[in-house]
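Numbering (this note's numbering), first residue to last: 2 to 192.
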Amino acid sequence: AGAAVAAESSTGTWTTVWTDGLTSLDRYKGRCYDIEAVPGEENQFIAYVAYPLDLFEEGSVTNLFTSIVGNVFGFKALRALRLEDLRIPPSYIKTFQGPPHGIQVERDKLNKYGRPFLGCTIKPKLGLSAKNYGRAVYEGLRGGLDFTKDDENVNSQPFMRWRDRFLFVAEAIYKSQAETGEIKGHYLNAT
Numbered sequence: 002a003g004a005a006v007a008a009e010s011s012t013g014t015w016t017t018v019w020t021d022g023l024t025s026l027d028r029y030k031g032r033c034y035d036i037e038a039v040p041g042e043e044n045q046f047i048a049y050v051a052y053p054l055d056l057f058e059e060g061s062v063t064n065l066f067t068s069i070v071g072n073v074f075g076f077k078a079l080r081a082l083r084l085e086d087l088r089i090p091p092s093y094i095k096t097f098q099g100p101p102h103g104i105q106v107e108r109d110k111l112n113k114y115g116r117p118f119l120g121c122t123i124k125p126k127l128g129l130s131a132k133n134y135g136r137a138v139y140e141g142l143r144g145g146l147d148f149t150k151d152d153e154n155v156n157s158q159p160f161m162r163w164r165d166r167f168l169f170v171a172e173a174i175y176k177s178q179a180e181t182g183e184i185k186g187h188y189l190n191a192t
């Protein structure tokens, strides 16, 4: 099972294809290098899997996680699977530049100094119309929040498209700023 996970999350596929011969699959395949039984658990094991760094885009958290866990959690060959630990080599960590803006940039944008920011994630995270989402943003900002933010599950679902959310949130920000005399913000999920 460990080898199957390593293969499924790297170069493996369910059948041989003619393009396999066009590259050195051995160079790019994940490897299960150790397996241990879980103490006190029958038919449960810890598999240690390693991947060549060339499989991952430099500086991309999204690529890293989708490469490692994207395919295998729906893998029919396994009854259950859990990621217990992830160790990232320093050479790969160095490819991440960190957030594009630091806390000082955010303080400058919101004109808030000498105190913690006060913000929240809009709830319920899924199901609100764009208009009601904007209303929740407005009420929070008018009530004293410095910013609001989208939950990571909020994208562009049929009940609330990204563009509509953007327009209602922008209206909420402008209206709350006019009423409070403070700069307000919202962090939109655009992934």
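By construction, the Cβ of each residue, glycine as well, lies at the ideal position given by its N, Cα and C atoms.
Predicted, not measured: the structure shown is a model, and the values here were computed from it.
Once you ignore the five residues that flank residue i on each side, which residues in its own chain have a CB closer than 6 Å to its CB?
i      : result
Val170 : Gly135, Val138, His187
Ala78  : Ala5
Pull up the DSSP beta-bridge partners for residue i, would you.
i      : result
His1   : With the chain covering only 2 through 192, there is no way to say anything about residue 1.
Ala51  : Arg32
Gly22  : Per DSSP, none; premise fails for Gly22.
Thr242 : Residue 242 lies beyond the stretch modelled for the chain, which goes from 2 to 192, so this question has no answer here.
Glu37  : Ile47
Leaving out five residues on either side along the sequence, give the residues of the same chain with a beta carbon under 7 Å from the beta carbon of residue i.
i      : result
Leu146 : Leu119, Gly120, Cys121
Lys126 : Asp152, Asn154, Val155
Ser130 : Phe160, Met161
Lys132 : Phe169
Throw me the rounded Cβ distance for the residue i and residue j pair, which I believe falls under 8 Å.
i      : j      : result
Val50  : Arg28  : Incorrect: roughly 16 Å between the Cβ atoms, too far for contact.
Leu193 : Thr12  : Residue 193 lies beyond the range of the chain shown here (2 to 192); nothing can be said about it.
Ala38  : Gly3   : About 12 Å separates the two Cβ atoms, so there is no contact after all.
Glu172 : Arg143 : That belief does not hold up - the Cβ atoms of Glu172 and Arg143 are roughly 12 Å apart, past 8 Å.
Val70  : Glu9   : Not confirmed; about 11 Å, so no contact.
*asked:* Any contact between the region 175–190 and the region 101–121? By contact I mean 3 or more CB pairs, one from each, below 8 Å.
replied: Segments in contact, yes.
*Cβ contact check for the region 149–162 and the region 78–88: 3 or more pairs under 8 Å*: With the cut-off at 8 Å, the region 149–162 and the region 78–88 do not touch.
_Validate contact between the region 56–69 and the region 91–102 using beta carbons, cut 8 Å, 3 pairs_ = Contact between the region 56–69 and the region 91–102 is present, because at least three Cβ pairs lie under 8 Å.
*In chain order, which beta strand (DSSP E) runs of at least 3 residues are fully inside the region 83–122?*
For secondary structure counted as the beta strand (DSSP E) over 3 or more consecutive residues, the region 83–122 holds these complete runs in sequence order: 120–122.
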